[in-house]
Amino acid sequence: AQSVTQLGSHVSVSEGALVLLRCNYSSSVPPYLFWYVQYPNQGLQLLLKYTSAATLVKGINGFEAEFKKSETSFHLTKPSAHMSDAAEYFCAVTSDSSYKLIFGSGTRLLVRP
Amino acid sequence: EPEVTQTPSHQVTQMGQEVILRCVPISNHLYFYWYRQILGQKVEFLVSFYNNEISEKSEIFDDQFSVERPDGSNFTLKIRSTKLEDSAMYFCASSYGYSNQPQHFGDGTRLSIL
């Protein structure tokens, strides 16, 4: 079985500060990992994905994530937060044995001026 | 850029009624999915659909639910005899294939059961 844990339901940063959103996964098979962002009243938009190639993955809007197998983590970072980054972020996992996405509970990012 | 479209954006239905949620996946995608998100909870997988049949379903997807691809473009979720606890945001998604390919999501249908 697979699962995802996102630590921190809410994260608040100042504009220009580092963004770090945490995601830990559990999987008995090699995982594929995704980060999605959800803006108010919108669907889920793909930020980036890890699919067993490079462990450091770059995505849209300046975000990146690093796959660390030893820590079973896939944390999302951005060097400098922008007001437009305020949204809810979801980490998700899947694998070759199942196409369904298993989501974490989400982290709401607040950006203070 | 191609996108997944869902209609309606908001559906209000009396308890016990049937409701059909509609989705138009990205045209060259082969796999289709429904997820739901109850307010304040996780996004949950309901069902996946490939080659005109269900490929996987969750425990939530019981006999009350059904999916259909009635033509070459639409993908529908039918909920029979709706219950209060069916109130949620329902998301449709599609992917080209293979589990390492990202799923593309629509903006969702907010279903409110009265």
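Chains A and B supply the protein sequences, listed in that same order. Under the working numbering, think of the first position of the first sequence as 26, with each following residue one higher. Under the working numbering, think of the first position of the second sequence as 201, with each following residue one higher. Note that CB positions come from ideal geometry on N, CA and C, so glycine has one too.
Please classify residue i as buried or exposed, where buried requires at least 16 neighbouring CB atoms within 10 angstroms.
| i | result |
| --- | --- |
| His35(A) | exposed |
| Val54(A) | exposed |
| Tyr367(B) | What is shown of chain B runs 201 to 314, which leaves residue 367(B) out entirely. |
| Ser37(A) | exposed |
| Gln303(B) | buried |
| Thr80(A) | exposed |
| Ala112(A) | buried |
| Ile238(B) | exposed |
| Val212(B) | exposed |
| Arg236(B) | buried |
| His107(A) | exposed |
| Gly18(A) | This structure cannot settle anything about residue 18(A), because the visible part of chain A is limited to 26 through 138. |
| Gln67(A) | exposed |
| Lys103(A) | buried |
| Tyr75(A) | buried |
| Ser294(B) | buried |
| Gln214(B) | exposed |
| Ser248(B) | buried |
Would you say residue i faces chain A, with C-beta separation under 8 Å as the test?
| i | result |
| --- | --- |
| Asp262(B) | no |
| Ser248(B) | yes |
| Gly272(B) | no |
| Phe305(B) | yes |
| Ser299(B) | yes |
| Phe265(B) | no |
Between which two residues does the beta strand (DSSP E) harbouring residue i extend?
| i | result |
| --- | --- |
| Pro56(A) | 56–63 |
| Leu135(A) | 132–137 |
| Gln237(B) | 231–237 |
| Arg222(B) | 219–224 |
| Phe245(B) | 243–250 |
| Ser123(A) | 123–128 |
| Phe275(B) | 275–279 |
| Asn49(A) | 49–51 |
| Ser227(B) | Where Ser227(B) is concerned, there is no enclosing beta strand (DSSP E), given that its DSSP letter is neither H nor E. |
Can you check whether the C-beta of residue i is within less than 8 Å of a C-beta belonging to chain B?
| i | result |
| --- | --- |
| Gln67(A) | yes |
| Phe115(A) | yes |
| Tyr50(A) | no |
| Thr119(A) | yes |
| Ser53(A) | no |
| Lys93(A) | no |
Helix, strand or coil, according to DSSP, for residue i in the structure here?
| i | result |
| --- | --- |
| Ser37(A) | strand |
| Met108(A) | helix |
| Glu201(B) | coil |
| Glu285(B) | helix |
| Glu268(B) | strand |
| Ile313(B) | strand |
| Ala26(A) | coil |
Complete beta strand (DSSP E) runs within the region 73–99 of chain A (minimum length 3 residues, chain order): 81–83, 89–93
Contact set between the region 211–228 of chain B and chain D, restricted to residues whose Cβ is under 7 Å from the partner: Among the protein chains in the structure shown, which are A and B, there is no chain D.
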